[in-house]
Structures are given as structure tokens and as C-alpha cells.
Amino acid sequence: MNTVIAFILIFGTLVFFHELGHLILAQRAGILCREFAIGFGPKIFSFKKNETVYTIRLFPIGGFVRMAGEDPEMVEVKPGYTVGLLFNKENKVEKIILNQKEKYPDALVIEVEEADLEHQMRISGYEQGNEDQLVSFSVSETSFFIVDGEEVQVAPYNRQFHSKTVWQRIKAIAAGPIMNFILAYVILVMLGLMQGVPSDEPVLGKLIDNGRAAEAGLKEGDRIQTINGEKMSSWTDIVNTVREHPEKELKVVLTRDNVKMTKYVTPESVKSGKETVGRFGAYNPVQKGMLTSISYGATETVAVAQNIVTSLSKIVTGQFSIDMLAGPVGIYDMTEQVAKTGIINLLKLAAFLSINLGIVNLLPIPALDGGRLLFLLIEAVRGKPINREKEAFVVFIGVAFLMLLMLVVTWNDIQRLFL
């Protein structure tokens, strides 16, 4: 598979499901979600369904759900503005036209005296040609601003992010990382169904053609009893013993069809990082079945998550190295290497990256989901929200830190791979 396509598909899928988690729980809480975006930068493609604009943007390195109230509203109506008003059948304002009013000859044009489009949902002002009389109108909760011919939905306070309970907001934020864990679990269950679940039984699975095990007369299904007199209780025991004896003959006692026999095999010598280890060309056995795959998906997700958390904990213990991190360039290189080995390993990589994305997003760093969850937990304990300006400043610092870290990691990836 072409590396660029594989990279975009994997990264795009992980981001899509992450943002989908945010979107589903936000909409369920009644939050107006203005945009669901995959990628950053200029729009490549977009369409609108119900209240939300769905977009694909140029740079596939992230995504976002734009929820009403998280940022300052994109459109404001202030006293002194001249706007056009269109009404629905209930005689409530349905559309507020901010410019190009000449395109809407049926609109009632007023100079705004006051507008409350969050709580009271009313707008008042002076009609052109009758500036002596103040008029006031109710505004529909599903009304729109019209700016340059484009519709922007008005967001009453009860549709904004901060109007919801702490628990509703926590669910909307946590849903992104949780969706990544669910995606990884589903991928791993699929892998279990496709190729079987690796077993730790001391039994040989498939053998590599012309491998040392096949050349020595070993066969798939052989149960290994001992190697050089040492009892083999698991596949892990077999692997460890073989690794420790490169190019050294091993006496293997096994049973085949209830018949005990002895074979001699010499593991080939291979490089594994800085080590030279033995390998004899046999895979561990696999078990197939729905229940086995479901169990495998859960245990493997937990195991991968534990390994990632252990690696991240080295930051705290001072064992951290920048080489432990990979940015888009490093992930692209990883994808290129794995793509050469087939779709199965690409799916494994996707599951690993999905778990990684979920865990990293839960770190208590401002601008990440974990930082936002920390603010919400503090609000729950204090009984009142953190000052918006202070929170925005801390988030700005967090964004600056992440951007700097991304630059450092990307430069390190480039040096490591190309220089």
C-alpha cells in the first residue's frame, strides 16, 4: 500500500473517531456543534447536515469540534448596528442580516438599541423611517445570522458548552480519548478473528519455509517438552531459550501425535538492536473464535496502554529521552516500514497509535483533553468555574508548549531519519 495513502487513512481514522466521540456526547448534551473538522488549515471539502458543518482540511494532523460558547462567538450584534430582520410564521425573528441587506428586500431594517441573543432572546431598535418609536422583537432559538450570504446559527445560552452541568461537559471532553480506546479494542478483536489469537502454549505454530526449525524436522503442532534438558512450560520459555543460543545446537525433546521424539536444531544468528540473538523460524500457535478474540482485544488493549504509561512515566523519573517521542515525520516513517509487511501489521500499528492518542490526550496539559478535564474537576471541587480569562491564558501557554515540543520532536525525527 502506498505510504502516503496508508498514513492519511490511519491518522484520519484515528482523528475521525476521536472527534466523533466529542461530537456525539456534546450533541447528546444539547450543545450546538458548529463544525466537525478533520485536519487543520484551508478547507478542502465541506457539507452541512442539520446544525453542523462537516469539513476536511488540508493538513491531516489533527481535528476539532467547534462547540458554541467555547470561544468568543463568531458574530455579535451591538447597539448602533443596522441589521435586517426576517420573521417566521410565529412572528419571531428567524434571520438577522448583518450586511448585503439590499439582497433581502422583505427584511425589516432597524438600528439596534439592545440585543440579548443568549438569555432573553430579544432584539430592539428603531425602524428606518420611524426613529422615534422603539420596537422590540422575540428571537427564535433556532435563528440565524446572515453574514456575506452565509448562515451562522445563533447560540442561546442553553446551547452553549458552559451552560451544561460539569458532568455533561466531562463526558463530552472525555468521549474523544475513550473513543480511541474503543477503536483500538475493535481493531484488535478484528485481528483476533482474522489471524487468530497468539497462544503461550509450548506448541509450534506455523513454520517458516527453509527455516532452521523446518530443516531440523520440526512440524506445526509439535509440543516442546524440554530444550537442552530444561522444561518448557510456555512459548515464552521457548523463545527466550532460542534467543540465548544463536548458532548453537539445541537438543529438543517433543511429542508429536502422542509419540515422544528428539530433534536437534541450530538457531540462526540475527541482529536485534545492539544484540545478536537466536531465531529458529517458528511462530507461536494461535487460537480462533469469537470469545477468544473478544478477550484478546481487551487484554491486549490494557497491555499496550500499560506499556505506553510506563514509557511516559519515565518523564517523571528522569529517564526521558526525546528519541522516545515521534511526531508526524516519525509516524510517517513508522507507517512506511510497517506498510511493507502487510495489512495485518498496519492494523496493529493503527491500534497502537489509537491507544497512544487516547492516553496522550488524557495528560493534564492545558490545550489537551486531559487539561480541560482537570479544569472541570477543579470546578466540581470548588463549586464554581475557573475564571475564563485565566483559563484562556493557561491554555495559551499549553498550546505554545505543545507547538514548541512538536517542532523539537519533528526536527529530531528529521535528523534521526535523514541527516
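Under the numbering used here, the final residue of the sequence shown carries the number 626; numbering is consecutive throughout. Yeah, the Cβ is synthetic: ideal placement off N, Cα and C, and Gly gets one too. This one's a predicted model, so the numbers in the text were calculated from it and none came from an experiment.
Through-space distance from residue j to residue i, alpha-carbon basis
| i | j | result |
| --- | --- | --- |
| E437 | D407 | 17 Å |
| L293 | C240 | 24 Å |
| K495 | G504 | 13 Å |
| G453 | V466 | A small fix is needed here, since residue 453 is Pro in this sequence, not Gly. Cα to Cα, the separation comes out at about 28 Å. |
| E358 | L580 | 32 Å |
| A599 | D576 | 14 Å |
| Q360 | F352 | 6 Å |
| T372 | A233 | 12 Å |
| G578 | F252 | 31 Å |
| A587 | N209 | 48 Å |
| S520 | L556 | 22 Å |
| G228 | F368 | 15 Å |
| I551 | Y539 | 17 Å |
| G287 | V536 | 51 Å |
| A264 | E280 | In the sequence as presented, Ala is not what sits at residue 264; that position holds Arg. Each residue's alpha carbon lies about 22 Å from the other. |
| D355 | L230 | 27 Å |
| Q327 | E348 | 10 Å |
| P312 | I303 | 13 Å |
| S476 | W442 | 19 Å |
| R595 | T548 | 49 Å |
Beta-carbon proximity of residue i to residue j, cut-off 9 Å
| i | j | result |
| --- | --- | --- |
| V213 | L564 | Note that residue 213 is Ala in the sequence shown here, rather than Val. No, Cβ-Cβ distance for A213 and L564 is not below 9 Å. |
| A423 | T473 | yes |
| S561 | G399 | no |
| I385 | L583 | no |
| T627 | F243 | Since the first and last residues shown for the chain are 208 and 626, residue 627 lies out of range. |
| E318 | S350 | no |
| V222 | G237 | no |
| D429 | L457 | no |
| T508 | A391 | yes |
| I572 | L532 | no |
| V290 | K308 | yes |
| L411 | Y490 | yes |
| P267 | F224 | no |
| S502 | V404 | yes |
| L414 | G488 | yes |
| S331 | E338 | no |
| F388 | A512 | yes |
| L425 | K470 | yes |
| P409 | D444 | yes |
| K299 | F344 | yes |
| G480 | R366 | no |
| V493 | Q622 | no |
| V346 | Y333 | no |
| V522 | I566 | With the sequence shown as reference, residue 522 is identified as Ile, and Val is not the correct amino acid for it. The answer is no: Cβ separation not under 9 Å. |
| V459 | I434 | yes |
| L305 | P363 | no |
Host alpha helix (DSSP H) of residue i (start-end)
| i | result |
| --- | --- |
| Q544 | 535-546 |
| Y392 | 373-402 |
| L569 | Unbroken run through L569: none, as it is neither H nor E. |
| E223 | Reading off the sequence, residue 223 comes out as Phe, not Glu. Segment 210-235, the alpha helix (DSSP H) holding F223. |
| V446 | 442-450 |
| V238 | Per the sequence shown, the amino acid found at residue 238 is Ile instead of Val. Premise fails: I238 is in no alpha helix (DSSP H) and is neither H nor E. |
| G577 | 576-589 |
| R366 | Segment: none, R366 is in no alpha helix (DSSP H) and carries neither H nor E. |
| E422 | 419-422 |
Endpoints, beta strand (DSSP E) assigned at residue i
| i | result |
| --- | --- |
| N629 | With the chain represented from 208 up to 626, any question about residue 629 goes unanswered, as that position is not in the structure. |
| D323 | 315-323 |
| R329 | 329-334 |
| K478 | 475-479 |
| V484 | 482-486 |
| I280 | Residue identity differs from the one stated: residue 280 is Glu in this sequence, not Ile. No beta strand (DSSP E) holds E280; DSSP gives it neither H nor E. |
| V359 | 357-360 |
For residue i, the residue or residues it bridges with in DSSP
| i | result |
| --- | --- |
| T259 | K256 |
| A244 | T262, F271 |
| R463 | V466 |
| I303 | L292, F352 |
| Q622 | Its beta-bridge partners do not exist; DSSP assigns none. |
| K285 | The partner list for K285 (beta bridge, DSSP) is empty, contrary to what the question assumes. |
| I431 | L461 |
| P405 | V493 |
| L414 | A489 |
| Y471 | K458 |
| K250 | R264 |
| K438 | T433 |
Distance cut-off 8 Å: residue i Cβ against heavy atoms of the ligand ADP
| i | result |
| --- | --- |
| N568 | Questions concerning the ligand ADP fall outside what the structure shown contains, since it holds no ligand whatsoever. |
Scan the segment 492-531 and note each continuous alpha helix (DSSP H) run of 4 residues or more that stays entirely inside, going in chain order. Secondary structure remark: continuous alpha helix (DSSP H) runs of at least 4 residues inside the segment 492-531, in chain order: 497-524.
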